[in-house]
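Peer 1: For reference, the structure I am asking about is given below.
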Amino acid sequence: MESRLVPTPRSLADVDLRSRDLIGKGWGKLERFVFRHRRFDGEWSDEVTRDVYTIAEVVNVLPYDRKRDAVALIEQFRTCGLVWEEATWLFEAVAGVQEEGEEPDDVARREAEEEAGCKLTAVHPLTTVWSSPGGYGERAHLFVGEADLSGVGGIHGLAHEHEDIRAVVVPLAEAHAATLDGRIRDTKTILLIQWLMLNKESIV
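What follows is the structure, encoded as structure tokens:
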């Protein structure tokens, strides 16, 4: 059967950008875009205004020990919960910002050491995703990293970045169960764990 998941041919010629203005800048930046775009019927849309918040291009990596069939996760406080009046200490995959001139796999290796205290012996790229494309400009490169997780754990992070990070090692099966019972609520971490559950035998 012919696949319906064929992207509609599009380019920037199908976007009429009227204006792009910086609204505010702090840890990230908030921009306002005014534009029209080509509709599926070939006509132009009405003028649309959208605000987009961007921090940086990021990398997420899930350290995996194939001998133990276990993964390393980190726990830390996340500001997002304050929007909804929640105290959000979340379990996540290792993550970090890609600095100018860095390759994504180098970021994965660096952040695994900084945040979890583990050295990756190999990294396997999965894909690059938009974290929340409706209004967040973050693009995330996803990896599974191979590591010996014996002795991994404890508190990590860089003081000058105000990081207070707890690393834990759990069986992959438990991590997967945690994606189903609500203990893990970060979307990229859920994606990485579920991908690994389906594909761990193919990692060579």
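Using the numbering used here, read the sequence shown as starting at 1166 and increasing by one per residue. C-beta: ideal position from N, C-alpha, C; glycine also.
Looking at the strands, I want to know which residues DSSP matches up with Leu1182.
Peer 2: Phe1200
Peer 1: Between Ile1220 and Glu1303, how many whole angstroms is the CB-CB distance? I'm expecting something under 8 angstroms.
Peer 2: At roughly 6 angstroms, the Cβ-Cβ gap stays under 8 angstroms, so Ile1220 and Glu1303 are in contact.
Peer 1: So, is Asp1230 buried or exposed, given that buried needs 16 or more other C-beta atoms within 10 angstroms?
Peer 2: Buried.
Peer 1: Compare the C-alpha of Ala1258 against each of Trp1249, Asp1351, Asp1206, Ala1324 and name the closest.
Peer 2: Asp1351
Peer 1: Which stretch, first to last residue, makes up the alpha helix (DSSP H) that contains Asp1270?
Peer 2: 1269-1276
Peer 1: By Cβ distance below 7 angstroms, which residues in the same chain neighbour Leu1323 in space, the five residues on each side in sequence not counted?
Peer 2: Glu1279
Peer 1: In chain order, what residues of the same chain lie with their CB nearer than 7 angstroms to the CB of Pro1228, ignoring the 5 residues before and after it?
Peer 2: Val1236, Ala1237, Val1259, Ala1277, Ala1281, Cys1283, Leu1285, Gly1310, Ala1312, Leu1314
Peer 1: Taking the DSSP output, what are the residues bridged to Arg1175?
Peer 2: Arg1175 is not bridged to any residue.
Peer 1: With Ala1324 as the anchor, note down where its beta strand (DSSP E) starts and where it stops.
Peer 2: No beta strand (DSSP E) holds Ala1324; DSSP gives it neither H nor E.
Peer 1: Which of helix, strand or coil does DSSP assign to Trp1192?
Peer 2: coil
Peer 1: Under a Cβ-count criterion, where at least 16 other Cβ atoms within 10 Å of its own Cβ denotes burial, should Val1180 be classed as buried or exposed?
Peer 2: Exposed.
Peer 1: Within the same chain, show all residues whose beta-carbon is closer than 8 angstroms to that of Gln1263, passing over the 5 residues directly before and after it, in chain order.
Peer 2: Ala1221, Glu1222, Val1223, Val1224, Pro1269, Val1272, His1306
Peer 1: Which class does Leu1238 belong to by DSSP, given the choice of helix, strand or coil?
Peer 2: Correct three-state label for Leu1238: strand.
Peer 1: In this structure, does DSSP put Glu1264 in helix, strand or coil?
Peer 2: coil
Peer 1: Work out the CA separation of Glu1366 and Asp1216 for me, nearest whole Å.
Peer 2: The straight-line gap separating the alpha-carbon atoms of Asp1216 and Glu1366 is approximately 42 angstroms.
Peer 1: Since Val1226 sits in a beta bridge, which residues does DSSP pair it with?
Peer 2: Val1259, Phe1308
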